[in-house]
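Colleague: The numbering of the sequence shown is numbering that gives the first Met the number 0, which starts it at 0 and goes up by one.
What follows is a structure written as structure tokens; I'll ask about it next.
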Amino acid sequence: MHILGFDCYGHDAAAAIMRDGKLLGLVEEERFLRQKHVASFPIHSIRWCCDHVGIKPAELDHIVYYWDPRAARLARAWFLLRHLPKSIGLIKSRGDKEASMLRLRKTLAKQLQLDGRTVIHFAPHHLCHAASAFLTSAFDKAAILSIDAAGEWDCAWMGYGDGIDMKCLRREHFPNSLGLVYGAVTEFLGYRFASGEGKVMGLAPYGDPGRFIQQFRDMIKTTPDGRYGVDMSYFNYQYHGRSNWFSKKFFDTFGPPRKPASELTDHYKDVSAALQMRTEEVGLYMAKWLRQQTGLNKVCLAGGVCLNSVMNGRILREGVFDEVVVQPAANDAGTALGGCFWLWNTVMRKPRKYIFEHAYLGPAWSDEQYERAVRQEIKSKHQVEIEKVKDAPSLAASMLSDGKIIGWFQGRMEMGPRALGNRSILADPRVGKMKDLLNERVKFRESFRPFAPSILEEKIGQWFDCGYPSPYMILVYNVLLEKRKYIPAVTHVDGTGRVHSVNRKHNPRYYGLLTEFERLTGVPIVLNTSFNIRGQPVVNKPEQAIECFVNTGIDVLFLGDYVLSKQVVSTAKDRN
Ligand SMILES: [Fe+2]
0 MHILGFDCYG HDAAAAIMRD GKLLGLVEEE RFLRQKHVAS FPIHSIRWCC
50 DHVGIKPAEL DHIVYYWDPR AARLARAWFL LRHLPKSIGL IKSRGDKEAS
100 MLRLRKTLAK QLQLDGRTVI HFAPHHLCHA ASAFLTSAFD KAAILSIDAA
150 GEWDCAWMGY GDGIDMKCLR REHFPNSLGL VYGAVTEFLG YRFASGEGKV
200 MGLAPYGDPG RFIQQFRDMI KTTPDGRYGV DMSYFNYQYH GRSNWFSKKF
250 FDTFGPPRKP ASELTDHYKD VSAALQMRTE EVGLYMAKWL RQQTGLNKVC
300 LAGGVCLNSV MNGRILREGV FDEVVVQPAA NDAGTALGGC FWLWNTVMRK
350 PRKYIFEHAY LGPAWSDEQY ERAVRQEIKS KHQVEIEKVK DAPSLAASML
400 SDGKIIGWFQ GRMEMGPRAL GNRSILADPR VGKMKDLLNE RVKFRESFRP
450 FAPSILEEKI GQWFDCGYPS PYMILVYNVL LEKRKYIPAV THVDGTGRVH
500 SVNRKHNPRY YGLLTEFERL TGVPIVLNTS FNIRGQPVVN KPEQAIECFV
550 NTGIDVLFLG DYVLSKQVVS TAKDRN
């Protein structure tokens, strides 16, 4: 039986394909359309999913959409009516999405040429998030915490999973949303909602949270019964939607918004620090309540706010739960797979037989395709040396230790927002200037953003203050004090690192590269950043990798076993 899950019309459209209870693929539409966070109907992703399992879309048995337009209809209507005429803006801003959803059956039938045999389901949004983390985990029982901007009506869902069922203990509904507050302040700071939140998290350690923390504690209050409540007098989004986030009170408190790309003054850094601190406090508070209520020592996290790897890391390191599983596509892209499991396990009552062990679930390319791409894209071969090698991981490790910047394109593309060693740009973490060099020559991104360390899974505890695996770069740990001097390029200004632990079984080539790098340097860590340049999605095709290689300061590109080297390279060591 084939089940397709997908999301669209919000942000991060994606599709996932399941056969008989096993997840076989997931890909985000942005990788095809080359536009970050794209929300349109994911026709390319759906086609890829079907091609991948060798069926036509019309042969799908079930399709699950990540949203139930009928959910909480009365509550939504009552809210809008109660706040008329102010709520006209919200009605307009949500109108397009709702209208597209109402047409969804027709859209599916037309785009996929369905002939009537495929059953279409509309799944509750937070159950898709919850299912994506819990039903694919190795846990029989675990607490579940799903926090995002907003689903149909709910903005946070707290409960637990038991076997194939997920029970809700508490939910917070619109407009009481941690994700919307974080997204709103992200906009205030000059970045985009549902896109720039990670930048704000990276900026926060540069600021002083003490300056505005009381204002954020007044804005988001916690209550003894485990709830949080946003003081909506700071905001307008509840009436006008995202076109008008703030009330006068917000600007009176925090001053004028920062213009995009303008100077980042201490004022804005301090706002980001306080926002981040309050988000961590409230997330920890919710997690503690959930632990108390369930008595369970494991938790599964999902929802866009759970991309906040600093908050997630604290939930684990501060012992709120002993084990923490975070869905790597914690954003809405992950609901594509969550919808499949919600249908298979919870609705159809099928036993669980799949454990999510790695994120390498996207498209892969054959040797012939690599070769063809090289032939077509590298027009002037005298500037690029091309060879096929037997031991790419060892060669790459050696080049990294010589200070070269490497494009590393291997195997199946990762799902989720992070590059996990298959569509990555790699560099030497020991070189202090590497961060600036990468920004200047390749990534062209904000200088304050940290680069992440990939580390051999067995070695995490020797370098960080927590030894728990972090395979999806979604938990932040402290770099041990005595180790910071060895890996300056991946140690953030506050001494932390967004850890990516690499497992031998799930990525043997990348594991081999790290092992060789350790043999050469004594450091089992490389700097890993996503294979893209600023503003573009991660590369999907070999052609895109070559284009990025040719047009940036990447020194060497590894396409599987093909090695493309520029004749003139300038290494970090040359510059130091
Ligand atoms: Fe969501």
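From the three backbone atoms N, C-alpha and C, an ideal C-beta is built for every residue, glycine too.
These figures come from a predicted structure and were not determined experimentally.
Tell me whether G361 is buried or exposed, calling it buried when 16 or more other Cβ atoms sit within 10 Å of its Cβ.
Modeller: buried
Colleague: Can you tell me whether G158 is buried or exposed, with buried defined as 16 or more other CB within 10 angstroms of its CB?
Modeller: buried
Colleague: Around ligand 1, what residues have a beta-carbon under 5 Å from a heavy atom of it, in chain order?
Modeller: D147, D331
Colleague: Quick one: residues in its chain with C-beta nearer than 6 Å to the C-beta of L563, no 5 flanking neighbours on either side, listed in chain order?
Modeller: V383, I385, L556
Colleague: According to DSSP, what are the bridge partners of A142?
Modeller: Y159, V298
Colleague: Under 8 Å by Cβ, that's how I've got G302 and A329 pegged, so tell me the actual separation to the nearest angstrom.
Modeller: 6 Å
Colleague: Please state if the CB of L425 and the CB of L399 are separated by a distance shorter than 9 Å.
Modeller: yes
Colleague: With a 10 Å radius around its C-beta and 16 neighbouring C-beta atoms as the bar for buried, classify V522 as buried or exposed.
Modeller: So V522 counts as buried.
Colleague: Over the uninterrupted alpha helix (DSSP H) stretch that includes E186, give me the two end residues.
Modeller: Its alpha helix (DSSP H) spans residues 177 to 187.
Colleague: Work out the CA separation of F253 and K387 for me, nearest whole Å.
Modeller: 57 Å
Colleague: On the DSSP bridge list, what partners appear for V475?
Modeller: Per DSSP, the beta bridge partners of V475 are R497.
Colleague: Work out the CA separation of E439 and T570 for me, nearest whole Å.
Modeller: Confidence at T570 is low in this model, with a pLDDT of 48, below 50, so the placement of that residue is unreliable and no value is reported for it.
Colleague: Quick check on C352: does DSSP put it in helix, strand or coil?
Modeller: Position check: residue 352 holds Lys in this sequence, whereas Cys was assumed. In the three-state reduction of the DSSP assignment, K352 falls in the coil class, being assigned neither a helical nor a strand state.
Colleague: E280 and T221 - do their beta-carbons sit closer together than 9 Å?
Modeller: yes
Colleague: By how many angstroms is the C-alpha of C154 removed from the C-alpha of L394?
Modeller: Going by the C-alpha atoms only, they are around 48 Å apart.
Colleague: Roughly how many whole angstroms lie between the Cα atoms of I45 and Q110?
Modeller: 10 Å
Colleague: Between I143, S529, A70, Q112, which lies nearest to E58 when the distance is taken from Cα to Cα?
Modeller: Ranking the options by Cα distance to E58, first place goes to Q112.
Colleague: If you follow the beta strand (DSSP E) that F516 is in, where does it begin and where does it stop?
Modeller: F516 -> not in any beta strand (DSSP E); alpha helix (DSSP H) instead, spanning 507 to 520.
Colleague: By Cβ distance, which residues of its chain are closer than 6 Å to D560, with the 5 residues on each side in sequence left out?
Modeller: K387, V388, A391
Colleague: Let me see if you follow: with CB-CB separation under 9 Å, is L360 close to chain D or not?
Modeller: This model lacks chain D altogether, as it is built from one protein chain only.
Colleague: Could you work out which residue in Y238, S365, N421, R216 is closest to K85 when comparing CA atoms only?
Modeller: Y238
Colleague: Should T276 go down as buried or exposed, given a rule of 16 or more other Cβ atoms within 10 Å for buried?
Modeller: The residue asked about is misnamed: residue 276 is Met in this sequence, not Thr. So M276 ends up on the buried side.
Colleague: Might you give, ordered along the chain, the residues of its own chain that have their beta carbon closer than 7 Å to the beta carbon of I90, omitting 5 neighbours on each side?
Modeller: Answer for I90: L79, listed in chain order.
Colleague: Per the contact definition of three or more C-beta pairs closer than 8 Å, is the stretch 198 to 218 in contact with the stretch 285 to 302?
Modeller: no
Colleague: With distances taken Cα to Cα, identify the nearest neighbour of N421 among D427, M412, R69, R429.
Modeller: M412
Colleague: Which runs of the alpha helix (DSSP H) fall wholly inside the stretch 240 to 310 and span at least 4 residues, in chain order?
Modeller: 247 to 253, 265 to 293, all fully within the stretch 240 to 310.
Colleague: Starting from the Cα of V37, find the closest Cα among P536, A183, C167 and give me that residue.
Modeller: P536
Colleague: Alpha carbon to alpha carbon, how far is Q213 from A332? Give it in angstroms, no decimals.
Modeller: 34 Å
Colleague: Around the Cβ of W341, are there at least 16 other Cβ atoms within 10 angstroms (buried) or fewer (exposed)?
Modeller: buried
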